[in-house]
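In the working numbering, the protein residues as written are 386 to 645. Quick reminder that beta carbons are idealized off the backbone N, C-alpha and C, glycines included. Every value quoted in this text rests on a predicted model; they were computed, and no experiment measured them. Since the structure comes first, as C-alpha cells, the remarks are kept for the end.
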C-alpha cells in the first residue's frame, strides 16, 4: 500500500521537538507541505525545516502561542498567505505542567495547562474547520494522551485537559462529518522524548514504567508519527470521531494480568 499526502497543506502545532517533530518529518516524507509552530525553540524548528527541504520537501516554521486566540488567527492567516489554506491540522502543542496535588496547586499554573492543551486545540481546530468545511475536505487530528483514561496524581490539569480533548474530538467530528471533514485523536502512552527523559534515562524509573506497559518497552516518536500519516490519509477515510490509543497496552491495565 502506497500512502501519499502529495500536495496536502499541513500545520503541526508544537512541531519543534519530540512527537511533533517526528510527525512533521513523517508527513513531509509522505509528500505534504508542512508548517510547524514553535514558542521557545526557533533554532530547533528551523533545523527541522532545513532537514525537510534538504530531502526535497516544503516546510515553514511559524511562531505561535496556541493559547492566544489572536495569535492563532494570525497563524492561519500566514498559512493562507503561504499556501492558500490548510488540508490537515495536527493539534500537537501541549504541556503537562508542574506536579502538584489538587489542594496544593497554583491555580494560574493549573489554568495555563488547560489554556494550552484544551483551549489551544479548540482555537486551532476552529480556524482549520472554518477553511475545511467550505472546501468539503480536511482532517483535524488532536494529539491526546492515555491520560484521557488513566488518572495521574499530581497532574489533574493535564489529565482533565486530555479527557476534554477526547470529547472535543467526538463533538467536532459529529459537526464536521456532513461536510466531508474528519476529526480524530491519537493518544500516545510512554514515548521516548526529551520531556520524559528523567524517567526512561533512570534505571529505577524505567523499571517502574515498564511494569505499566505489557509490551515491556517504551514507544518511539516514529511509531506515533507513522500512524498519524495513516490516520490523516485516505487509507483511513471512513474513520472519524475516535481516539486511537497507542500505548503498548498501558490502558489494558497490566496489573490485572495475574488476577484481580
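Practice problem: Would you kindly work out how many angstroms separate the C-alpha atoms of residue 627 and residue 514, rounded to a whole number? | Solution: 17 Å
Self-check item: Alpha carbon of residue 522 to alpha carbon of residue 564, nearest angstrom
Solution: 7 Å
Exercise. Identify whether residue 425 lies in helix, strand or coil by the three-state DSSP scheme.
Key: coil
Exercise. With residue 616 as the anchor, note down where its alpha helix (DSSP H) starts and where it stops.
Key: 606–617
Quiz item: Which of the three DSSP states, helix, strand or coil, is assigned to residue 405?
Solution: helix
Quiz item: Since residue 474 and residue 525 are thought to touch, with beta carbons under 8 Å apart, how far apart are those beta carbons, to the nearest angstrom?
Solution: 5 Å
Self-check item: Neighbour-count burial assignment, residue 622, 16 or more Cβ in a 10 Å radius
Solution: exposed
Quiz prompt | Reduced DSSP secondary structure (H/G/I, E/B, other) of residue 603 | solution = coil
Practice problem: Use the C-beta contact count for residue 407: other C-beta atoms within 10 angstroms, 16 or more gives buried, fewer gives exposed. | Solution: buried
Quiz item: For residue 476, which of helix, strand or coil comes out of DSSP?
Solution: strand
Exercise. Below 8 Å on the Cβ atoms is my guess for residue 572 versus residue 529; work out the distance and round it to an integer in Å.
Key: 4 Å
Quiz item: Can you list, in chain order, the residues of its chain whose CB lies under 6 Å from that of residue 567, leaving out five sequence neighbours each side?
Solution: 524, 625
Quiz item: Any chance the stretch 549–564 sits against the stretch 593–609, with 3 or more Cβ pairs inside 8 Å?
Solution: no
Quiz item: How about the stretch 396–414 and the stretch 426–434: do they share at least three Cβ pairs that are nearer than 8 Å?
Solution: yes
Practice problem: Please say whether residue 425 and residue 646 have beta carbons closer to each other than 8 Å? | Solution: Since the first residue shown for the chain is 386 and the last is 645, residue 646 is missing from the structure and cannot be characterised.
Quiz item: Apart from the five residues just before and just after residue 586, which ones in its own chain have a Cβ nearer than 8 Å to its Cβ?
Solution: none
Quiz item: Assuming residue 598 and residue 633 make a contact with CB atoms under 8 Å, what is their CB distance in whole Å?
Solution: 4 Å
Quiz item: CB-CB under 8 Å to residue 490, same chain, minus the five flanking residues each way: which ones, in chain order?
Solution: 541, 542
Quiz item: When the Cα of residue 575 is compared with those of 609, 555, 589, which residue comes out closest?
Solution: 609
Practice problem: Check each candidate in 410, 451, 477, 462 and name the one with the smallest Cα separation from residue 444. | Solution: 410
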